[in-house]
Amino acid sequence: MNLFTCTNLIAMGRHIPTPFRLSIAKDQGGIELKIETILRIVPGKRLVAVTRWKDELVILKLFFQPGHWKRNLLKDIKGVNLLRQSSIQTPDIIHQTTTTDIAAGVLIIDYLQRGASLAAMFDKASTDAEQLDILQTATSKIAECHRAGVWQEDIHLDNFMMSDGCIYLLDGSEIESTMGVLDERTRMKNLAMFFAQFPIATDDHLEQAVEHYQSNSDLSVQLDIASLKEKVTDARVTRLDHYERKLYRSTTANRCVQNGNRFVIYNRSIHSEEIESFINKPNEYIDEGQLVKKGNTSTVASVRINNKEFMLKRYNIKGFWHGLKRSLQPSRAHYSWRNAAMLEMLGLATPHAFLFMEERFLWVFRSRAYILCEKIEGNTVLEQLQDSAESPEAEKILQEFTDVFQIMKKYQINHGDMKASNFIYSGGKLYVLDLDAMQRHKSRQKFMVLFSRDMVRFRKNWIGSKLEPLVNRLFVDIDTSPSG
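Numbering of the sequence shown is given in the working numbering, commencing with residue 1 and proceeding in unit increments.
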């Protein structure tokens with residue numbers, strides 16, 4: 001079993017093999033701990049792992065960022081102490097030390113083995129009632145923190161742990177405090193950041209969750225729900241901005257592979273030898289797959305990788321001048337990758353994007369590009385509705401369109417190609433396809449001009465059909481004028 005130093009850990013980045021040994025200071029000497037599993041890692045900065053201490057499983061936090069580890073260690077300890085002083089449950093720090101070479105700080109922390117994060121519980125919830133119950137559990141704990149004048153700066157459900165009927169707060173580094181009562185502005189901001197982490201559909205629970213918060217808080221006046229909803233929208237936009245900046249580098253979810261010939265980002269869940277083979281020879285998979293579309297600008301095929309069906313789209317180069325123009329611009333696959341992640345974060349259905357790749361020349365100059373997505377079985381909306389204009393299903397599908405368009409308007413997103421063939425209704429969900437022209441706008445005025453064009457193009461799909469009256473009704477509650 002390897003003995004790793006902090007220098008080794010920094011060099012390995014995210015790819016640290018386990019188990020390994022780590023030498024830490026103890027009683028004027030040192031002992032070696034076996035790091036069995038890494039739970040979380042921020043490359044070059046810190047990791048959270050499972051190890052053994054005095055024959056008990058514990059959590060080890062290692063802070064190893066050169067020049068910053070002492071500050072980060074003390075910030076975590078300070079946060080834990082603030083929680084304990086406020087009688088808010090958090091796992092105990094069992095031992096504090098450094099590595100034997102004094103290159104990193106170490107915290108040995110109580111391991112809640114029978115615990116489950118509220119994030120995991122929320123993901124497993126099968127009904128709205130179960131989700132609401134988890135939200136109310138979390139907001140009760142948030143209210144308890146606010147009564148004590150403390151709050152989590154980066155607040156999310158992974159930092160709430162349920163164990164033996166009690167809720168524990170994790171990650172002391174994110175704990176902030178103020179002297180005395182927490183002011184309403186900070187409460188509202190903290191609650192807005194909390195609710196912004198969820199898909200938009202969860203906003204239906206917001207009022208009930210806030211009522212639960214207020215019944216457990218020390219507020220003498222009611223929070224302004226309308227104002228909070230606006231702040232949630234603003235916080236969600238901030239989260240989108242932050243999230244999109246992380247999409248083109250290695251993260252916990254995605255792996256980045258880059259050399260002079262290609263730039264690739266793919267979801268770690270599909271990592272395998274066959275994915276490596278696909279990255280080297282994507283066109284062979286198109287040739288061997290089932291061709292769906294063959295055009296000058298793009299080629300689409302159904303391909304099989306690791307015995308699973310995917311849709312692969314290749315963005316072609318039409319000729320020399322087109323290639324020259326595209327060589328220094330982000331590819332359409334680049335935008336599709338970003339927009340698929342954006343829609344998923346908002347809770348809108350779209351085929352999950354597993355991989356995007358750009359062929360490169362000398363690292364910088366782009367050529368063809370590829371996007372590999374989940375395969376959604378089903379007919380396009382136009383095919384589904386052409387013979388069922390009077391059916392309840394048609395009403396339901398058009399209501400789904402209303403919801404999607406309202407969300408796009410609220411978050412200033414225009415699609416750019418609103419052909420009916422770019423939407424599939426499957427499994428009770430309306431899937432949005434062909435995302436390479438989609439944009440999220442900062443300027444309301446520019447957005448409304450493009451959104452208006454989107455709506456005009458969408459209505460053209462149904463002119464002269466039995467569905468035209470239904471589609472016209474859809475727009476009664478959506479202001480699509482450029483000044484709207």
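Glycine included, C-beta positions come from ideal geometry on N, C-alpha and C.
Here the structure is a predicted model, which means the values were calculated and not measured.
Item	Value
Nearest candidate by alpha-carbon position, reference K61, set V48, L382 and R52	V48
Minimum length 3: unbroken beta strand (DSSP E) runs contained in the region 93-171	93-98, 105-110, 150-152, 160-163 and 166-169
7 Å Cβ shell around P173 - same chain, five flanking residues per side excluded	It is Ser, not Pro, that sits at residue 173 in the sequence shown. The answer, listed in chain order, is N72, K75, D76 and G79.
Boundaries of the beta strand (DSSP E) in which K313 is found, first to last residue	K308 to Y315
Segment contact, 8 Å Cβ cut-off, at least three pairs: the region 315-331 with the region 355-366	yes
Given 8 Å, three or more beta-carbon pairs between the region 49-59 and the region 108-123	yes
Proximity to E36 [Cα-Cα], best of V50, F263, I265 and H352	V50
Sufficient close CB pairs (3 or more, under 8 Å) joining the region 469-477 to the region 383-402	yes
For T37, the first and last residue of its enclosing beta strand (DSSP E)	T37 to V42
Residue burial classification, H15 (beta-carbon count within 10 angstroms, cutoff 16)	exposed
Distance CB(G105)-CB(W53) smaller than 8 Å	no
Cutoff 7 Å; reference M121; Cβ partners in own chain excluding five residues on either side	I134 and M162
Same chain, Cβ closer than 7 Å to S485, five either side skipped, listed in chain order	In the structure as shown, the chain begins at 1 and stops at 484. Residue 485 is therefore absent and cannot be evaluated.
Start-end ranges of the beta strand (DSSP E) lying completely within the region 292-372, minimum 3 residues	298-305, 308-315 and 353-361
Q258 to I413 span [Cα, whole Å]	30 Å
Straight-line Cα distance separating A148 from I175	12 Å
Buried/exposed call for I200, threshold 16 Cβ in 10 Å	buried
Reference L504, options K45, L33 and D27, closest by Cα	There is simply no residue 504 to check, as the chain begins at 1 and stops at 484 in what is shown.
Buried or exposed (CB count within 10 angstroms, at least 16 for buried), E130	exposed
8 Å contact criterion, which P282 and Y370 should meet: CB distance rounded	5 Å
Pair within 8 Å by beta-carbon distance, R440 and M342	yes
N-terminal and C-terminal residue of the alpha helix (DSSP H) that F451 is part of	R444 to K460
Under the three-state DSSP convention, the category A420 falls into	helix
L157 to F4 span [Cα, whole Å]	32 Å
Anticipated Cβ contact below 8 Å, R360 with R262, distance rounded	6 Å
The region 450-457 contacting the region 424-438, beta-carbon criterion three pairs below 8 Å	no
Cβ pair M355, N280 closer than 8 Å	Reading off the sequence, residue 355 comes out as Leu, not Met. Cβ distance not < 8 Å, so L355 and N280 don't count as in contact.
Proximity below 8 Å, CB of I305 to CB of I286	no
Contact check, S177 vs L82, beta carbons under 8 Å	yes
Burial state of A196, where buried means 16 or more other Cβ atoms lie within 10 Å	buried
Best match in T7, H415 and D203 for proximity to F447 [C-alpha to C-alpha]	H415
Nearest-angstrom Cα separation, counted from N339 out to S227	28 Å
M121 Cβ short of 7 Å to the ligand NAD heavy atom set	Absence of the ligand NAD from the depicted structure is noted, as is the absence of any ligand whatsoever, leaving it without description.
Residue closest to P19, alpha-carbon to alpha-carbon, out of S86, T7, E32 and A25	E32
Range of the contiguous alpha helix (DSSP H) that encloses L470	E468 to L474
L555 versus K189, I24, R40 and K442, residue with shortest Cα-Cα distance	Outside the displayed span of the chain (1 to 484) sits residue 555, for which this structure offers no information.
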